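The numbering of the sequence shown is the numbering used here, which starts it at 148 and goes up by one. Note that beta-carbon positions come from the ideal geometry of N, C-alpha and C, so glycine has one too. All figures in this text were calculated on a predicted structure; none of them were measured in a lab. This report refers to the structure that appears directly beneath it.
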Amino acid sequence: MNNSSEQSWFCNKAHRKIYGVCAGLASCYQQPIWIMRLLAIALLFVFPVAAIIAYLAAAFLLPDRYQP
Numbered sequence: 148m149n150n151s152s153e154q155s156w157f158c159n160k161a162h163r164k165i166y167g168v169c170a171g172l173a174s175c176y177q178q179p180i181w182i183m184r185l186l187a188i189a190l191l192f193v194f195p196v197a198a199i200i201a202y203l204a205a206a207f208l209l210p211d212r213y214q215p
């Protein structure tokens, strides 16, 4: 069973394209990174302002981790 630090949201700097938000969420939910990136792009087209604000807030508020 994972402990709470492994289940929390974070920015994965080892697999980042911009800030590592999608890579961190993919690691947290044990999904492929491309799925999270695809969801982020879809949200960007549907809710552009909200998606940008949420992504930037996550990038600056979530802790950084270098998880391979």
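Close Cβ partners of residue i (< 7 Å) along its chain, the five nearest in sequence each way excluded
| i | result |
| --- | --- |
| methionine 148 | With a pLDDT of only 43 at methionine 148, under the threshold of 50, the placement of this residue in the model should not be trusted; the figure read from the coordinates follows. Closer than 7 Å at the Cβ level, and outside the excluded window around methionine 148, lies no residue. |
Continuous alpha helix (DSSP H) stretch holding residue i: start and end
| i | result |
| --- | --- |
| tyrosine 176 | 168-176 |
| leucine 203 | 195-208 |
Where residue i sits in the DSSP three-state scheme
| i | result |
| --- | --- |
| arginine 163 | coil |
| serine 151 | For serine 151, the pLDDT reaches just 48, beneath the cut-off of 50, and the residue's location in the model is therefore unreliable, although a value from the coordinates is still provided. Residue state, collapsed to three classes: helix. |
Nearest neighbour of residue i, chosen from the options [CA to CA]
| i | options | result |
| --- | --- | --- |
| proline 179 | Ala189, Pro195, His162 and Leu209 | His162 |
| tryptophan 181 | Leu209, Val196, Ala198 and Ala170 | Ala170 |
| cysteine 175 | Ser155, Val196 and Ala187 | Ser155 |
beta-carbon residue i near the ligand FAD non-hydrogen atom, thresh 6 Å
| i | result |
| --- | --- |
| glycine 167 | For the structure depicted, the ligand FAD is absent and the ligand set is empty, with no information on it obtainable. |
Chain-order list of residues whose beta-carbon lies under 8 Å from that of residue i (same chain, five-residue window excluded)
| i | result |
| --- | --- |
| isoleucine 199 | Leu191 |
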